[in-house]
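Engineer: Below: one structure in structure tokens.
2 protein chains.
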Amino acid sequence: MIRLYEYWRSSSSYRVRIGLNLLGLAYESVQIDLAGGQQSTAENLARNPQGIVPTLEIEGLRLTQSLAILEYLDEQYAAGWLPGNARDRARVRAIAMAIAMEIQPVCNLRVAKDAVSASGGTYSLESWMRDHIGPGLAAVETMLDHPQTGRFCHGDAVSLADICLLPQVYNARRWGVDMNQFTQISRIEAEMLALDAVRMAHPDTYTLA
Amino acid sequence: MIRLYEYWRSSSSYRVRIGLNLLGLAYESVQIDLAGGQQSTAENLARNPQGIVPTLEIEGLRLTQSLAILEYLDEQYAAGWLPGNARDRARVRAIAMAIAMEIQPVCNLRVAKDAVSASGGTYSLESWMRDHIGPGLAAVETMLDHPQTGRFCHGDAVSLADICLLPQVYNARRWGVDMNQFTQISRIEAEMLALDAVRMAHPDTYTLA
Chain A
1 MIRLYEYWRS
11 SSSYRVRIGL
21 NLLGLAYESV
31 QIDLAGGQQS
41 TAENLARNPQ
51 GIVPTLEIEG
61 LRLTQSLAIL
71 EYLDEQYAAG
81 WLPGNARDRA
91 RVRAIAMAIA
101 MEIQPVCNLR
111 VAKDAVSASG
121 GTYSLESWMR
131 DHIGPGLAAV
141 ETMLDHPQTG
151 RFCHGDAVSL
161 ADICLLPQVY
171 NARRWGVDMN
181 QFTQISRIEA
191 EMLALDAVRM
201 AHPDTYTLA
Chain B
1001 MIRLYEYWRS
1011 SSSYRVRIGL
1021 NLLGLAYESV
1031 QIDLAGGQQS
1041 TAENLARNPQ
1051 GIVPTLEIEG
1061 LRLTQSLAIL
1071 EYLDEQYAAG
1081 WLPGNARDRA
1091 RVRAIAMAIA
1101 MEIQPVCNLR
1111 VAKDAVSASG
1121 GTYSLESWMR
1131 DHIGPGLAAV
1141 ETMLDHPQTG
1151 RFCHGDAVSL
1161 ADICLLPQVY
1171 NARRWGVDMN
1181 QFTQISRIEA
1191 EMLALDAVRM
1201 AHPDTYTLA
């Protein structure tokens, strides 16, 4: 029994849903309502000391941090989300981390709300998000201007980079970032969304409790 | 010839310095003065599309993103920074990422200055740093309250987690976070600083240009 403690709109949860679906692993989704503060309950803190989502219960383990979870799934289920040699793995991980470390944490709702509320009107949630997602994705677009970019971020198979990219694009669109300027990213978004397993992980497939 | 484009005070640069030193790999350090805006020059953007540090030139490659770099070094030089089985690797990566994804990006100087300047006095750089580093390290301390914690974060050998932890502790002390509350982290800090290779990577060993 695989159980994913997650939130439908959380992009790090969305990453893990894509991974599980691509592997065809059935799981129970337990929604932790970030908007309602459920991430900070004693129950959630016991399973995730950082008070965030996602947490994956699998094979008697309780795993946190979406990229650590995806690397685990890749290793245990031979997912093929990382290329066969070290230099190419470094490229894929660098793209994934350019998203997961440079863009997403700054646009984490808690951090963004903190900055916006302290700004007393200088920043709106929308402008904070746009100011940080836009330049971040521009850098990723530059990284994708590379001979090894194929149908997906690296060659013609889904990698860790694509699994991180799609949820960030969802967020970018949500906050009104102009995606037309990013041709490689938009093209890869379409490739990803053409896959049933990926589409099934989309936040819109969830109904609010 | 290995060349590291980095900044003495950057914690992600500090991670890579620790890694290179632990492996006994000699390298040339090229300082990119973040305080002086050198990260945004055309030269630096050409080697690092995100306009940050570090960038590692090694074996004809140009690698970015500190954790992707460390995973590369671990693979190519059999560094042993990740344990032998998937469940333990997931634990080590989760601790490393709890630091590198949840704490460090929010306390990136660019992001912090942005939030502080928009706050018009509500936040100082010091208070922004403390508000985000303190709770982040508290969560890491909880993760270290675990039977697999040994001399270091995972067992008795240096792992990716320790390499991420030490620079974050340096930052925490710099911004006045009370480290006495974190007994496991402080103990591991001391273990790390007892190693010559690690001590050689410390920001204090650098003189400003």
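From first to last, the protein sequence lines are chains A and B.
Going left to right, the first sequence walks through residues 1 to 209 as the working numbering numbers them.
Going left to right, the second sequence walks through residues 1001 to 1209 as the working numbering numbers them.
In this text, a Cβ means the ideal position worked out from N, Cα and C, and glycines have one as well.
Note that the structure is a prediction, hence the values are computed from the model and not measured.
Report the neighbours of Q1050/B on chain A: residues whose CB is nearer than 7 Å to its CB, in chain order.
Structural biologist: For this step, residue 1050/B is matched to residue 50 along the second sequence. Per Cβ cutoff of 7 Å: A98, E102, A139.
Engineer: Starting from S1029/B, follow the beta strand (DSSP E) in both directions and report where the run begins and ends.
Structural biologist: What you label residue 1029/B is simply residue 29 of the second sequence in a count that begins at 1. Run containing S1029/B: 1028-1031, per the beta strand (DSSP E) assignment.
Engineer: Give me the Cβ distance between W175/A and R130/A, rounded to the nearest whole Å; I'm assuming they're in contact under 8 Å.
Structural biologist: Numbered from 1 along the first sequence, position 175 holds the residue referred to as residue 175/A. Numbered from 1 along the first sequence, position 130 holds the residue referred to as residue 130/A. Correct: roughly 6 Å between the Cβ atoms.
Engineer: Note the first and the last residue of the continuous beta strand (DSSP E) segment covering I1103/B.
Structural biologist: Taking the second sequence and counting its residues from 1, the one referred to as residue 1103/B is at position 103. Taken as a continuous stretch (DSSP letters only), I1103/B belongs to no beta strand (DSSP E), as it is neither H nor E.
Engineer: Compare the C-beta of Y1072/B with all C-beta atoms of chain A and state if any pair is closer than 7 Å.
Structural biologist: Indexing the second sequence from 1 puts residue 1072/B at position 72. Chain A contact via Cβ: present.
Engineer: Given P105/A, which residues of its chain have a CB within under 8 Å of its CB, disregarding the five upstream and five downstream residues?
Structural biologist: Within the first sequence, the letter at position 105 stands for residue 105/A. Excluding positions up to five away in sequence, the list reads V111.
Engineer: Give the secondary structure of T1183/B by DSSP, where H, G and I count as helix, E and B as strand, and everything else as coil.
Structural biologist: In the second sequence, the residue the question calls residue 1183/B occupies position 183. Three-state DSSP puts T1183/B in a helix.
Engineer: Below 8 Å CB to CB, which residues in the same chain sit around V116/A once its five sequence neighbours on both sides are set aside?
Structural biologist: By one-based count along the first sequence, residue 116/A stands at place 116. The residues are Y123, S124, L125, W128.
Engineer: Using beta carbons (cut-off 7 Å, strictly below), is Y1077/B in contact with chain A?
Structural biologist: Numbered from 1 along the second sequence, position 77 holds the residue referred to as residue 1077/B. It does not; no Cβ of chain A falls within 7 Å.
Engineer: Mind checking if Y27/A is an interface residue toward chain B, Cβ cutoff 7 Å exclusive?
Structural biologist: Within the first sequence, numbered from 1, the residue matching residue 27/A stands at position 27. So, not an interface residue.
Engineer: Have a look at L1020/B, V1092/B, A1078/B and flag the residue whose alpha-carbon is nearest the alpha-carbon of A86/A.
Structural biologist: Within the first sequence, residue 86/A is the residue found at index 86, counting from 1. Of the listed residues, the one whose Cα sits closest to A86/A is A1078/B.
Engineer: Could you pull out every unbroken beta strand (DSSP E) segment of at least 3 residues lying fully inside the segment 1049-1116 of chain B, listed in chain order?
Structural biologist: You should have 1055-1058, 1061-1064.
Engineer: For the segment 1104-1135 of chain B, which residues have a beta carbon sitting closer than 7 Å to at least one beta carbon of chain A?
Structural biologist: Result list: P1105, V1106, V1111, A1115, A1118, S1119, G1120, T1122, Y1123.
Engineer: Can you name, in chain order, every residue of its own chain whose Cβ lies under 7 Å from the Cβ of R3/A, other than the five neighbours on each side?
Structural biologist: Your numbering for residue 3/A matches position 3 in the first sequence. Result list for R3/A: Y27, E28, V30, E57, in chain order.
Engineer: Go through its chain and collect everything with a Cβ distance to E191/A's Cβ below 7 Å, but skip five positions before and after it.
Structural biologist: For the purposes of this step, residue 191/A is taken as residue 191 along the first sequence, with counting starting at 1. Within the same chain, E191/A has close Cβ partners R151, F152.
Engineer: Are A1090/B and Y72/A touching if we call contact CB-CB under 7 Å?
Structural biologist: On the second sequence, residue 1090/B is found 90 positions in, with the first residue counted as 1. On the first sequence, residue 72/A is found 72 positions in, with the first residue counted as 1. For A1090/B and Y72/A, yes; Cβs fall inside 7 Å.
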